[in-house]
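Shown next, in structure tokens, is the structure this report addresses.
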Amino acid sequence: MSKINEDRPGAVTGDRVILRLPAQGAYLSVVRTATASLASRLDFTIDDIDDLRIAVDEACAVLLTQAVAGADLQCAFDLTDDVIGVSVSVPTVDGVVPSRDTFAWTVLTALAGEVDSTVDADSVVTIVLRKRRVELS
Numbered sequence: 225m226s227k228i229n230e231d232r233p234g235a236v237t238g239d240r241v242i243l244r245l246p247a248q249g250a251y252l253s254v255v256r257t258a259t260a261s262l263a264s265r266l267d268f269t270i271d272d273i274d275d276l277r278i279a280v281d282e283a284c285a286v287l288l289t290q291a292v293a294g295a296d297l298q299c300a301f302d303l304t305d306d307v308i309g310v311s312v313s314v315p316t317v318d319g320v321v322p323s324r325d326t327f328a329w330t331v332l333t334a335l336a337g338e339v340d341s342t343v344d345a346d347s348v349v350t351i352v353l354r355k356r357r358v359e360l361s
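The numbering used here puts the first residue of the sequence shown at 225, with every later residue one more than the last.
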């Protein structure tokens with residue numbers, strides 16, 4: 225269930241938006257556009273919107289290298305008053321979470337703030353990003 229934030233008319237929080245698309249690089253523009261649109265709706269700054277858009281794109285790119293052929297990539301966006309959480313998941317061939325000792329992981333952490341990864345029993349790897357909105361004075 226969502227609620228309307230009365231301090232920021234038009235901003236809806238408490239929603240979960242889920243995109244499911246083929247795990248192919250050609251569809252990443254859809255994810256980037258959705259990321260920017262949702263972050264904008266929550267009044268993120270232009271710089272933070274770009275940072276999150278790039279971080280989500282990088283998380284998707286990391287997972288696409290491990291994706292099972294023909295699989296779907298799922299992006300779930302959890303919207304709250306001051307945080308947008310993005311979970312990117314895909315069934316993988318090897319069920320191995322991305323290494324935290326890579327340049328890609330450093331980029332994710334620098335751009336999104338909070339980053340984590342998990343793998344389930346079915347070898348679905350998930351990267352979770354959380355970006356907090358900066359309050360402007």
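All residues carry an ideal CB built from backbone N, CA and C; glycine is no exception.
The structure displayed is predicted, hence computed values, not measured ones.
In this structure, does DSSP put GLY221 in helix, strand or coil?
With the chain covering 225 to 361 only, the question about residue 221 has no answer from this structure.
On the DSSP bridge list, what partners appear for SER311?
ALA300 and VAL352
Assuming SER341 and GLY319 make a contact with CB atoms under 8 Å, what is their CB distance in whole Å?
Not confirmed; about 12 Å, so no contact.
Taking VAL343 as part of the beta strand (DSSP E), name the residues at either end of that continuous run.
338-343
My output table needs one value for ARG277: the three-state DSSP class, helix, strand or coil.
helix
Can the beta-carbon of ASP296 be found less than 8 Å from the beta-carbon of ARG356?
no
For THR259 and VAL314, I'd like the C-alpha separation in whole angstroms.
18 Å
Whole-angstrom C-beta distance between PHE301 and ARG240, which should lie under 8 Å
7 Å
Hey, ALA334 and LEU288 are a contact pair by Cβ (cut 8 Å); roughly how many whole angstroms apart?
Between LEU288 and ALA334 the Cβ distance is about 21 Å, and since that is not below 8 Å, they are no contact.
Determine, using beta-carbon pairs with one atom in the segment 320-339 and one in the segment 263-281, whether at least three such pairs fall under 8 Å.
yes
Residue from GLU359, VAL349, VAL358 and ARG354 whose Cα sits closest to the Cα of VAL286:
VAL349
In the DSSP assignment, what residue or residues form a beta bridge with ARG244?
GLN298
On the DSSP bridge assignment, give the partners of THR289 in chain order.
Answer by DSSP bridge pairing: none, since THR289 is not bridged.
Identify, in the order they occur along the chain, each residue of the same chain with its Cβ nearer than 8 Å to the Cβ of GLY249, setting aside the five sequence neighbours on each side.
ALA285 and LEU288
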